[in-house]
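Note that the working numbering has the sequence shown beginning at 32, numbered continuously upward. Built from N, CA and C at the ideal position, the CB exists for glycine as well.
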Amino acid sequence: MPDTWVVVGLDNGGTSNNATVLDAEGSFLVDRLVETPSRVLEGPEVAVEALAASLAGVLEVTGVDPARVRAVGLDTPGPASATGVISSKGATNFPQPEWWGFDIRTALEERLRLPVVYNNDGNAAALYAHHAHFGADAFRHSSVSAIVGTGLGGGVVEAGKVVKGAAGMAGELGHVHIPMHGLLEDAQPMPACNCGFSADAESVASLTGIANNLLPYWLTRFEGHPLADETPGKAAKLVRGYAEKEDPLALKIFEQQAIALGRLFTIAANFTDPSAYFVGGGVVETGPKFREWFLDKVREHTVLRDEQARAARFALVPDLDMAGARGAAIAARDVLPA
Ligand SMILES: [Zn+2]
32 MPDTWVVVGL DNGGTSNNAT VLDAEGSFLV DRLVETPSRV LEGPEVAVEA LAASLAGVLE
92 VTGVDPARVR AVGLDTPGPA SATGVISSKG ATNFPQPEWW GFDIRTALEE RLRLPVVYNN
152 DGNAAALYAH HAHFGADAFR HSSVSAIVGT GLGGGVVEAG KVVKGAAGMA GELGHVHIPM
212 HGLLEDAQPM PACNCGFSAD AESVASLTGI ANNLLPYWLT RFEGHPLADE TPGKAAKLVR
272 GYAEKEDPLA LKIFEQQAIA LGRLFTIAAN FTDPSAYFVG GGVVETGPKF REWFLDKVRE
332 HTVLRDEQAR AARFALVPDL DMAGARGAAI AARDVLPA
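Rendered as structure tokens:
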């Protein structure tokens, strides 16, 4: 069917752009990462050109005629508005002043002369998780995704569409306050988040939360632990490997993260009562035994009413490194006129 349309998804990250192609039948034409340099540190002009090169590259890899592309989905790390204007205060991935308040969606649309649909990376991954799980039934279901990375990202999907909010800041799950009673040990300090809050979900369930809050405490409880010899940032990344080997300190840290996610999902249950709760992040890349242990812990700490427990599912976000590009492509497809 060479004449049917496609949409392209572009996932913009700190070092790479990852691209995918979604066809009219709903199939992704690449099943691996198709990455090119994102060049975001060289400023908006160079970075927009790099996105155009990423699009050209994935069309070449898939042998798709550029004339078949009807729309492009773009996702970037936030904070940014619902329509793709980078925060006026800048963002971790977009530090230079040229980026502050830059409308990356419109800039790419003008460069490509194609409609561009924007989502932040957490929302794009949440949208992909939702569609991958529910398939043809996606528009009859809702979900909440929590994705543990440097921060805690994710999103809220209602009837198959991302909830963006008035300012584009809906689904910032990381900065929702959660109860700490029974999560923290008696002597454990209140965890602080980079956003200025303390005791929010990201202050526990993120790599930053491990480095700044969880590890410093747990290293005092497990004296002589080898992670004490590493820098906090490196140690935080190593915790996962220790957890897979059932290291007691690492399991304490992941248990606290799972409780935090369960408490976050309990709040979600009372807000939108979703059909599914998705967990993503590094934990998805661990072995099946640890992965299931972690998901079970999250489920155990998500307090649902009986009716909700019967209706709800818990699952891991699939294909994590491709989820952003794929979600961006789905978002582009879903705004095409029928
Ligand atoms: Zn926060």
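Rank the options by C-alpha distance to the C-alpha of residue i and give the top, closest one.
{"i": "Leu143", "options": "Asp304, Leu41, Ala342, Thr317", "result": "Leu41"}
{"i": "Thr114", "options": "Pro222, Thr239, Leu245, Gly196", "result": "Gly196"}
{"i": "Val116", "options": "Glu140, Phe165, Ala50", "result": "Glu140"}
{"i": "Ser1", "options": "Gly166, Gly186, Thr317", "result": "One cannot answer for residue 1 here, as it falls past the ends of the chain, which runs 32 to 369."}
{"i": "Asp304", "options": "Leu335, Gly227, Lys283, Asn150", "result": "Leu335"}
{"i": "Ser306", "options": "Phe133, Arg344, Ala354", "result": "Arg344"}
{"i": "Phe228", "options": "Ile361, Leu367, Ile209, Pro75", "result": "Ile209"}
{"i": "Val71", "options": "Pro222, Gly121, Ile298, Val310", "result": "Gly121"}
{"i": "Arg12", "options": "Leu269, Ala274, Gln219", "result": "Because the chain here runs from 32 to 369, residue 12 falls outside it and cannot be looked at."}
{"i": "Gln287", "options": "Trp131, Trp324, Ile361, Pro319", "result": "Trp324"}
{"i": "Gly180", "options": "Ala84, Ala169, Ala55, Gly312", "result": "Gly312"}
{"i": "Met200", "options": "His212, Met211, Val187", "result": "Val187"}
{"i": "Ala55", "options": "Arg63, Thr35, Ser47", "result": "Thr35"}
{"i": "Val100", "options": "Ala299, Pro279, Val39", "result": "Val39"}
{"i": "His163", "options": "His212, Pro368, Leu367, Ala360", "result": "The amino acid at residue 163 is misidentified as His; the sequence shows Ala. Ranking His212, Pro368, Leu367, Ala360 by Cα distance to Ala163 puts Ala360 first."}
{"i": "Ala169", "options": "Gly318, Lys192, Ala84, Phe285", "result": "Lys192"}
{"i": "Asp327", "options": "Pro222, Leu292, Asp337, Lys268", "result": "Leu292"}
{"i": "Pro126", "options": "Pro247, Lys276, Asp260, Gly74", "result": "Gly74"}
{"i": "Ala198", "options": "Ala362, Ser118, Ala299", "result": "Ser118"}
{"i": "Ser47", "options": "Val37, Gly213, Ala84, Glu76", "result": "Ala84"}
Going by the CB atoms, is the gap between residue j and residue i shorter than 8 Å?
{"i": "Asp138", "j": "Val79", "result": "Position check: residue 138 holds Ala in this sequence, whereas Asp was assumed. A contact, by the Cβ cut-off of 8 Å."}
{"i": "Val421", "j": "Val103", "result": "Residue 421 lies beyond the range of the chain shown here (32 to 369); nothing can be said about it."}
{"i": "Arg136", "j": "Leu105", "result": "yes"}
{"i": "Val194", "j": "Leu295", "result": "no"}
{"i": "Ile290", "j": "His256", "result": "no"}
{"i": "Arg373", "j": "Asp350", "result": "Outside the displayed range of the chain (32 to 369) lies residue 373, so it cannot be described from this structure."}
{"i": "Leu258", "j": "Leu250", "result": "yes"}
{"i": "Glu233", "j": "Cys224", "result": "yes"}
{"i": "Ser176", "j": "Gly205", "result": "no"}
{"i": "Gly272", "j": "Ala242", "result": "no"}
{"i": "Gly184", "j": "Asp231", "result": "no"}
{"i": "Leu82", "j": "Asn49", "result": "no"}
{"i": "Ala160", "j": "Phe309", "result": "yes"}
{"i": "Gly202", "j": "Pro222", "result": "no"}
{"i": "Ala281", "j": "Ala274", "result": "yes"}
Report the three-state DSSP secondary structure of residue i (helix, strand or coil).
{"i": "Glu56", "result": "coil"}
{"i": "Val366", "result": "coil"}
{"i": "Phe133", "result": "coil"}
{"i": "Ser28", "result": "Beyond the ends of the chain as shown, which are 32 and 369, falls residue 28; an answer cannot be given."}
{"i": "Thr303", "result": "coil"}
{"i": "Met32", "result": "The predicted position of Met32 is uncertain, since its pLDDT is 49 and thus under 50; a value taken from the coordinates is nonetheless stated next. Met32 falls in the coil class under three-state DSSP."}
{"i": "Pro247", "result": "helix"}
{"i": "Ala102", "result": "strand"}
{"i": "Asp260", "result": "helix"}
{"i": "Gly40", "result": "strand"}
{"i": "Lys51", "result": "Per the sequence shown, the amino acid found at residue 51 is Thr instead of Lys. Of the three classes helix, strand and coil, the one that applies to Thr51 here is strand, per DSSP."}
{"i": "Gly240", "result": "helix"}
{"i": "Glu275", "result": "helix"}
{"i": "Glu286", "result": "helix"}
{"i": "Phe165", "result": "helix"}
{"i": "Gly255", "result": "coil"}
{"i": "Val270", "result": "helix"}
{"i": "Gly355", "result": "helix"}
Below 8 Å on the Cβ atoms is my guess for residue i versus residue j; work out the distance and round it to an integer in Å.
{"i": "Val61", "j": "Val89", "result": "7 Å"}
{"i": "Ser173", "j": "Ala190", "result": "6 Å"}
{"i": "Val348", "j": "Ala340", "result": "Wrong, their Cβ atoms sit about 21 Å apart, outside the cutoff."}
{"i": "Gly45", "j": "Asn150", "result": "The Cβ separation is near 17 Å, so there is no contact."}
{"i": "Arg322", "j": "Val329", "result": "So it is not a contact: roughly 11 Å between Cβ atoms."}
Quick one: is the Cβ of residue i within less than 7 Å of any heavy atom of ligand 2?
{"i": "Gly205", "result": "Only ligand 1 can be found as ligands here, which leaves ligand 2 out of the picture."}
Can you check the stretch 167-232 for any beta strand (DSSP E) of at least 3 residues that lies completely inside it and give the ranges in chain order?
174-179, 183-189
Continuous alpha helix (DSSP H) assignments of at least 4 residues falling wholly in the stretch 291-353
319-331, 337-342
Could you pull out every unbroken beta strand (DSSP E) segment of at least 3 residues lying fully inside the stretch 64-127, listed in chain order?
The qualifying runs are 66-68, 100-107.
In chain order, each alpha helix (DSSP H) run of at least 4 residues that lies wholly inside the stretch 134-160:
135-143
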